[in-house]
Every structure is written in structure tokens, then in C-alpha cells.
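The next block holds one structure in the form of C-alpha cells; read it before the comments.
There are 2 protein chains.
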Amino acid sequence: MRIGIYGYGNLGRGVELCAAQNADTQTVGVFTRRDPAKVKTLLGTPVFPAQKTSDFKGKIDVMIICGGSATDLPILTPALAKDFCVVDSFDTHPKIPAHFAAVDEAAKAGGNLALISAGWDPGMFSLARVFAESILPAGKTYTFWGKGVSQGHSDAVRRIEGVIDARQYTIPKEEALLAVRSGKNPELTARDKHLRECFVVAAEGADLERIENEIKTMTDYFADYDTIVHFISAEEMKRDHSELPHGGFVIRSGKTGTDACHNNTVEYRLALDSNPEFTAGVLIAAARAVYKKHLRGETGCITLFDVAPADLSPKPGEVLRKEML
Amino acid sequence: MRIGIYGYGNLGRGVELCAAQNADTQTVGVFTRRDPAKVKTLLGTPVFPAQKTSDFKGKIDVMIICGGSATDLPILTPALAKDFCVVDSFDTHPKIPAHFAAVDEAAKAGGNLALISAGWDPGMFSLARVFAESILPAGKTYTFWGKGVSQGHSDAVRRIEGVIDARQYTIPKEEALLAVRSGKNPELTARDKHLRECFVVAAEGADLERIENEIKTMTDYFADYDTIVHFISAEEMKRDHSELPHGGFVIRSGKTGTDACHNNTVEYRLALDSNPEFTAGVLIAAARAVYKKHLRGETGCITLFDVAPADLSPKPGEVLRKEML
Numbered sequence: 034m035r036i037g038i039y040g041y042g043n044l045g046r047g048v049e050l051c052a053a054q055n056a057d058t059q060t061v062g063v064f065t066r067r068d069p070a071k072v073k074t075l076l077g078t079p080v081f082p083a084q085k086t087s088d089f090k091g092k093i094d095v096m097i098i099c100g101g102s103a104t105d106l107p108i109l110t111p112a113l114a115k116d117f118c119v120v121d122s123f124d125t126h127p128k129i130p131a132h133f134a135a136v137d138e139a140a141k142a143g144g145n146l147a148l149i150s151a152g153w154d155p156g157m158f159s160l161a162r163v164f165a166e167s168i169l170p171a172g173k174t175y176t177f178w179g180k181g182v183s184q185g186h187s188d189a190v191r192r193i194e195g196v197i198d199a200r201q202y203t204i205p206k207e208e209a210l211l212a213v214r215s216g217k218n219p220e221l222t223a224r225d226k227h228l229r230e231c232f233v234v235a236a237e238g239a240d241l242e243r244i245e246n247e248i249k250t251m252t253d254y255f256a257d258y259d260t261i262v263h264f265i266s267a268e269e270m271k272r273d274h275s276e277l278p279h280g281g282f283v284i285r286s287g288k289t290g291t292d293a294c295h296n297n298t299v300e301y302r303l304a305l306d307s308n309p310e311f312t313a314g315v316l317i318a319a320a321r322a323v324y325k326k327h328l329r330g331e332t333g334c335i336t337l338f339d340v341a342p343a344d345l346s347p348k349p350g351e352v353l354r355k356e357m358l
Numbered sequence: 034m035r036i037g038i039y040g041y042g043n044l045g046r047g048v049e050l051c052a053a054q055n056a057d058t059q060t061v062g063v064f065t066r067r068d069p070a071k072v073k074t075l076l077g078t079p080v081f082p083a084q085k086t087s088d089f090k091g092k093i094d095v096m097i098i099c100g101g102s103a104t105d106l107p108i109l110t111p112a113l114a115k116d117f118c119v120v121d122s123f124d125t126h127p128k129i130p131a132h133f134a135a136v137d138e139a140a141k142a143g144g145n146l147a148l149i150s151a152g153w154d155p156g157m158f159s160l161a162r163v164f165a166e167s168i169l170p171a172g173k174t175y176t177f178w179g180k181g182v183s184q185g186h187s188d189a190v191r192r193i194e195g196v197i198d199a200r201q202y203t204i205p206k207e208e209a210l211l212a213v214r215s216g217k218n219p220e221l222t223a224r225d226k227h228l229r230e231c232f233v234v235a236a237e238g239a240d241l242e243r244i245e246n247e248i249k250t251m252t253d254y255f256a257d258y259d260t261i262v263h264f265i266s267a268e269e270m271k272r273d274h275s276e277l278p279h280g281g282f283v284i285r286s287g288k289t290g291t292d293a294c295h296n297n298t299v300e301y302r303l304a305l306d307s308n309p310e311f312t313a314g315v316l317i318a319a320a321r322a323v324y325k326k327h328l329r330g331e332t333g334c335i336t337l338f339d340v341a342p343a344d345l346s347p348k349p350g351e352v353l354r355k356e357m358l
């Protein structure tokens, strides 16, 4: 499978590294909207200008689009799906149906297959939710995120006057996790489920009390949560908070048996040192499925819900049945 | 979807109860090799003699076969796949390829679709292994079973002279779980991973020391493990050990990043009050997928590896994308 990487930020670099771990995957090139001469790839993959992608039609089996969901992917994925089979990690949940429709139309017009919203949430967590609900229809599903860095919340803190840098960790509350695992199916508010912890580098002489108050009362982001704020130095930020860990839990408890006497709990958990590198792993596996399914004649837009697990694996069916079943 | 239940033990009863939780599923009948007049179903489902199944050809969409893997399913599944789409929970791992081949031939001859080895291991745990390995190619996967009742090990203890009844619990060792979760990818022996705990009702005057020694030194079953033996009364057995809980963990740690500097851990965990009722839930979801795929013209034998998650769910694709992605 020959892949292209469109966009070379944290996610694009993760895809380049992960592709090298997969014997069936060859990276043809990185495509960038920056000056290619100024982009140095981790593994020496050649870099091409973004406007040259169409020169690679027929030379790339799947283009993996590593852009942001807010403004990049709604434009890029439909545009590239005309020329290539594509995979993206579009993660703006409420806009998924509209994105799906736009990509479906473009991919069908180009005779290509596109898979959107691959990653861990949406992605592997979505799969965990569908599996658990399909098996245990009488129950309740909970998703917890963290401990990990939330990019959106970190950005929101950075926009406050007097803040130079900020990192926000989303942390699931242990007592909520325990209540859910026990099968009690509790009603939980946002505040019950997650804690928000912020590490902030403030400008010299800034009013720390005002900054802390602005964070804690920020609607949509912090007001509905218990929030802890720490002021640290730029050196501490660099030393202790330069990684992008994340993860979380999908837990469903379902009742079975006469009078629903039995509780059964399914839990899917991720603990990731690197959010973008794990996401890259999902993108490569999704690209493999797209490649196989397109060879069988499929076109249009799909998600991981439409992919048989065997298509994600490089192993043939008889090996999977013998070794993994 | 109209289902039939072939066999009415713990698993068959679980399927009857679970079918009632699914609005799209109607149970046509239970088929038994016992005298139907003597089988009373939990929900009043009609009972028919096993030799009458062919009268129901065309009236049942999927026959769910609830028999044992040792002697029942190798005969039953190929035989029934000639007349019906079928699902079974065949779980003798080394014999899966042979069973698959026999069922594939029979199902193709009958124009039917068969799904074998659905349940939790093989089944949901197999899926967890394939997903995790496909996403994190550089890593190691561990499966732990328990805490739960192992039927095979309980039976082995019951065969010892002087034993009236026995229940064996398989228990994962906490320190092994912690080592695996930490990403150290340790080498673990059978003894490192699991503890075996036996509750035994002995005949009056039996030599307890001999029984305990026979258990602990039994090859294949106990000799390679740390085993704890408790002697209890028949009343205690009935009061404390009449349920069939089980569960376990599939954990994979994979390295990503430059110089494999990041560890990412995926964990899939089941904690089941009722092993047969959860297995029944998987069988119903698998039957739904078989029904949908057969309507699309598929025949032969498949496993859960070949099923797109959307086919397990009663919800249509656009609802899944809107609500679950």
C-alpha cells in the first residue's frame, strides 16, 4: 500500500513514523502548504508542495489527510477525495453528518473510497460504544476522557490577557469511574465526571488572581467543572508539560437474566503517551481497510463502523482465525 | 429477525432472555433433543423436537446453536447450516480452522451464511486482539481470564475420588496485570499470570489431604499454577457458588515515536455476572449481522473478524454516525 501524507504537524509526523512500523506500507511523500524546502521530515520522506498532489494520481493508493477539523478538513477531504482514496480524523462530532455527505459525493464522483473520523474519539471509542450497546441492549454507556492534554481548553486559557502559555489536563474522577464500573448506572453531571487542571505561565506582573478567576468562570470550557489552576515558570512548562498524552474509558453496564438480576460490564480503556501517534496508528489501519475495500470496487464515504476488523489487519483471514480467534 | 434456539441449557436460556431485550428479534422456537414436553422455557417460547428443525426451513432467519464445543457443535453446525443461516460459539481454539472448513462447505451447499466462534473468547476478546495489533504493530498482547468459573477445571476436580462437587475460579494476578499495564512487556509464565482457587465438597470421611494433593499436582490443569483449595459444605456451595461469573482482560502495549519513546496501552475488560448471558448477547448481535449479510447475498462461513460493526447494531448507519461516532 502506497500512502501520501497531507499535512506535516504532530499527526503527520506520527503517520510517517507509524507507516515505517508496517511492512505493507510505503510512504510516497509528504504534501505541505508550507515551503517544502523548509520542511525536514523525521525519516527523510520526500516533501512536495500541496498544489502538486494531482501529479501523484495513480501513484498513491491512499492519501492520509492530517489537518485540523475546524477549517482544514471540511475543505481538504472532499477536494482530495476526487483524486484519491482518502482517510481523515475529522472530530467535530455534531458536524460529522454534513462532512460525511460532502465527502461521499466527492468520492463517488472520483470513483474513490473515503473513510472519515478515524482516530480514538471518534474512532476506537465509537466502536467500543457500538459493540457494547449491540451486545448489552439494556444498559447505559459512559465515556470518560483523560488523563490527557485537551488542546482546545489549553488554547482557551492562552487567549486570556496576561497568559503566555498554558496546558490543560482533563482528568476523569476516580469516584465516578468506580460508580460506573459497579453497574449502578448513575446519573452524572459534567462536574461529577471530570476534573480540569491547568498549568499556566503568566506574564511578569500579571494579576494572577484575575487570571485564575477568568479561567474558572469561563463558560462552555470551565464553569461547569471543578478546576485547579497552577502558575508555573516557562522552564517548568517546557520540562514537565511538553508531551501530548491522552486516553480515557468507554464503560457500559448492561443487565441480563430473569428480572435483570445480572450485571455485566464492558470497559475499553486507552492510556496513551502520545495522542497523535496513536491516532496515526488508527489512520494507517483505516487506510489499509480503504485500500482493500477499494480494490473490491467500493466507492463513496464510510466510517470505521463499516469496516470488518479483518480489513484493518495485514494478516490474511486464515492466519487471523488460527492465531487471533 | 426470526431466530430459533437449538439446545436449551444455560446458553440457550440466555439467548431466549436476550432476544426478548431486542425489539427487532422474534424467537420462533426452542429445539431440544430431550422430550419437549419436559422442557419448560423461561418466557414460554414453544419447544419442538430437534429432529423437526427442517419443518422450519424458511420460517427461521437464523438458528442459534447452543451446544458444547467438544462433541455437539462439530456435528450440529455443519448439519444445520445446510437448512439455515446459523451462529455458534465454538470455542476449541486449535480446532477452529477445521470447524470453519466443514461449516463453510455445508453453508455454501445450502446457500446459507454461518458465523462461528461468537462469544467473548473466542469473540469479543479476539476482536480486541486484532484491533490493538492492527493499530499498534510494535507491541505485545496479553490475555488474562477471570475472575470467573472455569467449567473445564471444575469438571476435572469433580472426577477426583471422594469429591462430590467442585467449583474452580481462575483469577488473574494483580502484579502481572500491573506489569503489563505499565508497558514493560514482561515475559510471563502461566503461574505468573493466573491463580487457581478451588471450592470442594468432599464425601464424608474422604482423605482431604490426598484430594488437595491430587488437585495441585494434576498436569495440564493445575500443576503449572499456584492453586488454593478450600473444603466447604454442600450448603455453602449452593449458597455462595451457584452463579457463573467470568470475565478478563486483553491488554496490548505498543511503542510509537522516534526511538519508540512513547508507550500506548489499550485495554479491553469484561466483568460478567453471567458468562452464558453475556455470550448470548454476542450471539444475538452476530445473528443480526448474519441476517443482514445473507440478505445482501453472502453465503459460506465467517467469523466476527468479517463483520462490520454497523451490522451488529439494530440502528441504521446514519443514526450510528449521528449518535455513536
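From first to last, the protein sequence lines stand for chains A and B.
Taking this note's numbering, I'd label the letters of the first sequence as residues 34 to 358.
Taking this note's numbering, I'd label the letters of the second sequence as residues 34 to 358.
We put the beta carbon where it would ideally sit given N, CA and C, even for glycine.
Residues of the segment 38-67 of chain A with a C-beta atom less than 8 angstroms from some C-beta of chain B are Gly47, Leu50, Cys51, Gln54 and Asn55, listed in chain order.
Under the 10 Å beta carbon count, Val63/A is surrounded by 16 or more other beta carbons and is classified as buried. In the three-state scheme derived from DSSP, where H, G and I count as helix and E and B as strand, Pro111/B is classed as helix. In summary, Asp273/B is exposed, with fewer than 16 beta-carbon neighbours lying within 10 Å of its beta-carbon over all protein chains present.
With a 10 Å radius around the Cβ and a threshold of 16 neighbouring Cβ atoms, Pro278/B comes out buried.
The Cβ neighbour count for Cys118/A, taken over all protein chains shown within 10 Å, is at least 16; the residue is labelled buried. Runs of the alpha helix (DSSP H) lying entirely within the segment 169-233 of chain B, each at least 4 residues long, are 184-191, 207-214 and 223-226 in chain order. Interface criterion met: the Cβ of Tyr301/A is under 8 angstroms from a Cβ in chain B.
With fewer than 16 other CB atoms across the displayed protein chains lying within 10 angstroms of its CB, Glu237/A is exposed. Look at Val340/A: its C-beta is under 8 angstroms from a C-beta on chain B.
In the same chain as Ser102/B, and ignoring 5 residues on each side of it, the C-beta atoms closer than 6 angstroms to its own belong to Phe123, Asp124 and Thr125, in chain order. Under a criterion of Cβ atoms nearer than 9 angstroms, the residues of chain A adjacent to Glu351/B are, in order, Pro130 and Phe133. Rounded to the nearest angstrom, the Cβ distance from Ile98/B to Gly144/B is 18 angstroms, too far for a contact under 8 angstroms. Every beta strand (DSSP E) of 3 residues or more that sits fully in the segment 55-87 of chain A is shown, in chain order, as 59-65 and 80-82. A residue is called buried when at least 16 other Cβ atoms come within 10 angstroms of its Cβ; Ala142/B does not meet this threshold and is exposed. Residues of chain A with a Cβ closer than 7 angstroms to the Cβ of His295/B are, in chain order, Asp306, Ser307 and Glu310. The beta carbons of Lys206/A and Lys226/A sit closer together than 8 angstroms.
Contact between Met34/A and Thr58/A holds, since their C-beta atoms are separated by about 5 angstroms, short of 8 angstroms. A direct Cα-to-Cα measurement between Ala114/A and Ala319/A gives close to 15 angstroms. Interface annotation, Ile108/A: not in contact with chain B, CB-CB separation never under 8 angstroms. Annotated as proximal: Val233/B and Val262/B, with beta-carbon spacing under 8 angstroms.
Using a Cβ-Cβ cut-off of 8 angstroms, His126/B is close to Leu358 of chain A, given in chain order. Neighbours of Thr74/A in chain B, taken as residues at a C-beta separation under 9 angstroms, are lacking, since the least C-beta distance is about 12 angstroms.
C-alpha of Cys334/B to C-alpha of Asn43/B: approximately 25 angstroms in a straight line. For Val163/B, the nearest beta carbon of chain A is closer than 8 angstroms to its own beta carbon. Contact of Gly314/A with chain B by beta-carbon distance below 9 angstroms involves Ser167, Ile168, Leu169, Pro170, Gly287, Thr289 and Asn297. Beta-bridge partners of Tyr301/B (DSSP): Tyr301/A and Val283/B. Counting only Cβ-Cβ distances below 9 angstroms, Lys326/A has no contacts in chain B at all, with the closest Cβ about 10 angstroms away. A straight line joining the alpha-carbon of Ala212/A with that of Gln201/B spans about 29 angstroms.
In this structure, the alpha-carbon of Phe255/A lies about 19 angstroms from that of Thr176/A. For Ala343/B, at least one C-beta of chain A is nearer than 8 angstroms to its own C-beta. Classified as exposed, Ile197/A has fewer than 16 neighbouring CB atoms from the shown chains inside 10 Å of its CB.
Counted as a single uninterrupted DSSP element, the alpha helix (DSSP H) harbouring His132/B occupies residues Ile129 to Gly143. Counting along the chain, the unbroken alpha helix (DSSP H) around His327/A starts and ends at Asn308 to Leu328.
Think of a sphere of 7 angstroms around the beta carbon of Pro155/B: the chain A residues whose beta carbon falls inside it are Leu358, in chain order.
The alpha-carbon separation between Pro349/B and Leu169/B amounts to approximately 30 angstroms.
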